[in-house]
Each structure stands twice: as structure tokens, then as C-alpha cells.
Amino acid sequence: MPKVRTNRTRYPEGWELIEPTLRDLDMKMREAENETHEGKRKCEALWPIFKISHQKTRYIYDLYYRREAISKELFEFCIDQGYADKSLIAKWKKPGYEKLCCLRCIQPRDHNFNTTCVCRVPKHLREEKVIECVHCGCRGCASGD
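Using our numbering, read the sequence shown as starting at 3 and increasing by one per residue.
And the structure:
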């Protein structure tokens, strides 16, 4: 007789500790998606979504790599279920990318002259004016800041 598969996913041990925070961030994500974008530039409408996605990924990254508060099984479960961005976490582990805001900022094909985003320039090398990234609204994610 074949096994009966259920649609219910089994949550790893420790899930109940991080679930409230992830639910709050999911609610913020829904609000950001449903927010009106009248009066904003086309690119500015996506900035809150990038920010919340970064927060969720950073939260899970910090719990596993910095505080060591969650297990590897729970960490991989969060990545598999889409709570964290696997590619962004892989970049955060490399030197020079510890504060990276999003992956679009380091892709040269998205920028003029095949370079990285302006938010990747360290603050001491910038001019005095405040600069925001066109892709995600970041004001500076260079690791030297």
C-alpha cells in the first residue's frame, strides 16, 4: 500500500522561536506590496520590498552564523521555504560583501559602464551629497563604512 502524503510540512525544532518575527516581517511585506505608489518614481515603489526581504534574510543569517541560536536543519528549512535568500547569504560570507544590501547592486550588467552600484562606494571616497541606490534605495553598503 502506498504512503499517503500530506500537504503539511514538518517544522524543525526551534521553529516556534523564530516564527513570530518571520510572521511580522511577512505582514510588513504584504503591506508594502499593497501600498499605493502614487507620487513615487517607478523604482521607488520596490524599495520597501527590497528592505523587508533584506531584513528577513539578515535575521536568519544572524541567528545561524553570528549568534548560533538555530540549528543547521532549521537554517536550511528557512532557505528552502523562501524565508531567506540563499545567494545573498553566500555573498555575506565573502570578505568585502558583509553589508551588501541586494544582489542587483553588484551585477555589472544593470549599471552604466559595467561597474557596481553607487551604494558600494565607501563613504570616505564619495562626495558630500547623500546618494541613494536606484535599485533598492540603499545609502551605502560598502564594507569599509
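In this text, a Cβ means the ideal position worked out from N, Cα and C, and glycines have one as well.
Please look up how many angstroms separate the CB atoms of residue i and residue j, rounded, as I've assumed it's under 8 Å.
i	j	result
H126	C45	With 8 Å as the limit, H126 and C45 do not qualify as a contact, their Cβ atoms being about 27 Å apart.
L27	Q57	6 Å
L76	W17	6 Å
P14	S73	7 Å
A223	I62	There is simply no residue 223 to check, as the chain begins at 3 and stops at 147 in what is shown.
L19	T59	Not really, about 18 Å apart at Cβ, beyond 8 Å.
Using a Cβ-based criterion (distance less than 7 Å to any ligand heavy atom), does residue i qualify as near the ligand ZN?
i	result
V136	Because no ligand of any kind appears in the structure shown, any question about the ligand ZN cannot be addressed here.
Identify whether residue i lies in helix, strand or coil by the three-state DSSP scheme.
i	result
L65	helix
E46	helix
D87	coil
K93	helix
Q57	helix
H137	coil
A71	coil
T23	helix
P110	helix
N36	helix
N116	helix
K148	There is no way to answer for residue 148, as the model of the chain reaches only from 3 to 147.
C104	coil
C80	helix
Taking three-plus beta-carbon pairs below 8 Å as touching, is the stretch 100 to 108 in contact with the stretch 138 to 145?
-> Yes, the stretch 100 to 108 is in contact with the stretch 138 to 145.
Should the stretch 113 to 128 be called in touch with the stretch 80 to 93, which here means at least 3 C-beta pairs below 8 Å?
-> no
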